Amino acid sequence: MSLKSSWKDECGVFGIWNHAEAARLTYLGLYAIQHRGQESAGIVSLENGVHHIHKELGLVADIFKESDLAPLKGSSAIGHVRYSTTGSNLIVNAQPLTSNLLSGPVAVAHNGNIINAAELRNVLQSEGSIFQGTNDTEILLHMLARNPSNNLRIALRDSLPRLEGAYSLVILAHDRLIAARDPLGFRPLVLGQIKTGNEVSYVVASETCAFDLIGADFIREIEPGEILDISAKEIISEKIVLKAPAKKKSAHCVFEHVYFARPDSVVFGRSVYGSRKKMGEQLALESAQEADVVIPVPDSGVPAAIGYSQKSGIPFEFGIIRNHYVGRTFIQPGQSVRDFGVKVKLNPQPEVLKGKKVIVIDDSLVRGTTSQKIINLIRQAGAKEVHLRIASPPTIGPCYYGVNTPQKSQLIASHQSIEDIRKFIGADTLAYLSEKGMWTAMQAGPETFCAACFNGDYPTSLNGVENKKSC
Ligand code: AMP
């Protein structure tokens, strides 16, 4: 859970085919995946071959009023929530992006980050493409526009192998809904269905928690490298054919399980809650500490703290209470209110902490500044000892696949020892989960996951993207 407004999240996508309340269900779907992006949201619906669109900067609940949803007529729709990883926070970058191709209107919602975006953009611009915004998704629209085929799936078959990096896409054309996932399957994308009598509606979403809300049944994941084409006539699945083979079978983002995804989602076939709890249990095995109480940094540290507490037998308490109603902006007080930035969101309870030896669990430690402030507040609340336990390995590398971490120089563990970090944050002891322990908890390994932020092993070429400011 971040306290810093400068921190970036990623995006969430949703799509539904053949449902009388397509836009409304898309609205609910976006509501469920709001945690994946809070900068902008949008819905495009399809009615008799025509697109209707509404998108704005802000939160789903603020953007869509009854009067905005009513005009989004039709039986199919796609939606997007965004927190920019490339391109700035401008309405022109808000998704779904729409365009009129020779074959008809097309709308694209994208989660992920295209590594070779700058290179492709240069090529397309030198060939005459005019770009509206600065995000990497627009590149795909230009590639589709130039493709001679009026069959969108064939145009995607030609275009997608040129993209390097992460993409989970939901695309709405005048006659079909297409879902596609990059060959390494970095970001999640799942397929579900709603049965109403003899009618079947298909649903695609970043996370299964969106299905739970709208009463859809999970069918399966969209496979890494799959293009799934859903139309009134048929459903066709095909594989993206790469020129050179990928470095590994898949590169699912382990950070989805550590921090990003909602704990009530099943991501890459595993319960996120289950993974986080197991990470906490493993952490207790690896770095035991005598203490009176285990507390989470809410909300991100909660499942791991439960796991740690159950494994160690040390009681779990809510030692820090989170205010869930903190918006993105608030009027800052003057210097007179100390630690306001943290306290507005997290308030330590002396009732739980006074005179106690406390183990604090968080999911990750990145710059260290949040932990430093939290530890300071816990001490002010009267704790005798503060032991920080991090339920993931040290974050040493930026993500170039859709999670916007700071530059390497700002990742404290990339250049400081654990002892130096401990001193900086002011904890009595500090320990991280080992990489091996993370894989034990995940019941998986680096052959099928990407953990570049923890081990520096990037599963694609980086095309110089590591020299740019951020992804
Ligand atoms: P820091 O002060 O930089 O060490 O921040 C650590 C906190 O940020 C932890 O509570 C994490 O849950 C949270 N966090 C980790 N990664 C991200 C991210 N990519 N975006 C937002 N918050 C994050």
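Going by this note's numbering, the residue at position 170 of the sequence shown is 208; the numbering climbs one at a time, nothing skipped. We put the beta carbon where it would ideally sit given N, CA and C, even for glycine. In this text, all values refer to a predicted model and were calculated from it rather than measured experimentally.
Since residue i is in the beta strand (DSSP E), which residue starts that stretch and which ends it?
| i | result |
| --- | --- |
| Ser402 | Neither: Ser402 is in no beta strand (DSSP E) and is coded neither H nor E. |
| Glu59 | Unbroken run through Glu59: none, as it is neither H nor E. |
| Ile209 | Ser206 to Leu210 |
| Val241 | Glu237 to Ala243 |
| His89 | Val88 to Leu95 |
| Ala489 | Counting along the chain, Ala489 falls outside any beta strand (DSSP E), and DSSP gives it neither H nor E. |
| Asp100 | That residue, Asp100, is in no beta strand (DSSP E); its alpha helix (DSSP H) goes Val98 to Ile101. |
| Arg225 | That residue, Arg225, is in no beta strand (DSSP E); it is neither H nor E in DSSP. |
| Glu259 | Asp255 to Glu259 |
Please classify residue i: does DSSP put it in a helix, a strand, or coil?
| i | result |
| --- | --- |
| Ser197 | helix |
| Leu107 | helix |
| Ala284 | coil |
| Tyr496 | coil |
| Thr478 | helix |
| Ala147 | strand |
| Glu77 | coil |
| Ala343 | helix |
| Arg460 | helix |
| Arg191 | helix |
| Gly67 | helix |
| Tyr297 | helix |
| Lys349 | helix |
| Leu415 | helix |
| Val292 | helix |
| Val424 | strand |
| Arg219 | strand |
| Ser113 | coil |
| Val130 | helix |
| Ala469 | strand |
| Ser167 | coil |
| Ser409 | helix |
| Glu504 | helix |
| Ile445 | The residue you asked about is not Ile; residue 445 is Gln in the sequence shown. Gln445: coil per DSSP, three-state reduction. |
| Gln72 | helix |
| Ser269 | strand |
Quick check: what's the CA-CA separation for residue i versus residue j?
| i | j | result |
| --- | --- | --- |
| Ser44 | Tyr205 | For Ser44, the predicted structure reports a pLDDT of 37, less than 50, and the residue's modelled location is therefore unreliable. A value from the coordinates is still provided. If I take the Cα positions, the gap works out to 23 angstroms. |
| Trp55 | Glu272 | 12 angstroms |
| Ala342 | Arg214 | 42 angstroms |
| Ala60 | Lys111 | 8 angstroms |
| Ile152 | Leu426 | 35 angstroms |
| Glu261 | Ala329 | 45 angstroms |
| Leu182 | Ile168 | 14 angstroms |
| Ile71 | Gly464 | 35 angstroms |
| Thr136 | Ala211 | 10 angstroms |
| Gln481 | Ile399 | 21 angstroms |
| Val51 | Glu237 | 24 angstroms |
| Pro336 | Leu84 | 40 angstroms |
| Cys488 | Gln320 | 20 angstroms |
| Asn501 | Ala108 | 45 angstroms |
| Lys17 | Pro388 | Beyond the ends of the chain as shown, which are 39 and 509, falls residue 17; an answer cannot be given. |
| Leu41 | Ser288 | Here the model assigns Leu41 a pLDDT of 38, short of 50, so the residue's position is not dependable and the matter cannot be decided. |
| Gly475 | Gln454 | 21 angstroms |
| Val279 | Ala217 | 16 angstroms |
| Lys507 | Gly393 | With a pLDDT of 38 at Lys507, under the threshold of 50, the modelled position of this residue cannot be trusted, and the question is left open. |
| Ser5 | Lys446 | Within the shown structure, residues of the chain are numbered from 39 to 509, placing residue 5 beyond reach of any answer. |
| Pro484 | Tyr311 | 20 angstroms |
| Asp466 | Arg308 | 34 angstroms |
| Leu207 | Ser313 | 26 angstroms |
| Pro386 | Ser347 | 19 angstroms |
| Arg120 | Gln133 | 7 angstroms |
| Ala115 | Lys461 | 52 angstroms |
| Thr64 | Gln418 | 45 angstroms |
| Val331 | Arg74 | 31 angstroms |
Within the continuous alpha helix (DSSP H) that includes residue i, where are the two ends?
| i | result |
| --- | --- |
| Tyr311 | Val310 to Glu324 |
| Ser164 | Ala155 to Ser164 |
| Gly379 | Phe378 to Lys381 |
| Pro334 | Element bounds for Pro334: not the alpha helix (DSSP H) but the beta strand (DSSP E), Val331 to Pro334. |
| Ala248 | Cys247 to Ile252 |
| Val390 | Pro388 to Leu391 |
| Leu449 | Looking at the DSSP string, Leu449 is not in any alpha helix (DSSP H), and its letter there is neither H nor E. |
| Ile177 | Glu176 to Arg184 |
- Task: Would you check if the region 201 to 217 and the region 247 to 257 touch, i.e. whether three or more CB-CB distances between them fall below 8 angstroms?
- Result: no
- Looking at C-beta atoms only, is the number of pairs between the region 354 to 361 and the region 295 to 311 that lie closer than 8 angstroms three or more? no
- Do the region 229 to 237 and the region 93 to 102 touch if we need at least three Cβ pairs shorter than 8 angstroms? no
- Item | Any 3 or more C-beta pairs closer than 8 angstroms across the region 153 to 173 and the region 78 to 96 | no
- Message: So, does the region 432 to 440 touch the region 486 to 498, judging by three or more C-beta pairs under 8 angstroms?
- Response: yes
- Message: Under 8 angstroms, with one C-beta from each stretch per pair, do the region 346 to 353 and the region 378 to 385 reach the 3-pair mark?
- Response: no
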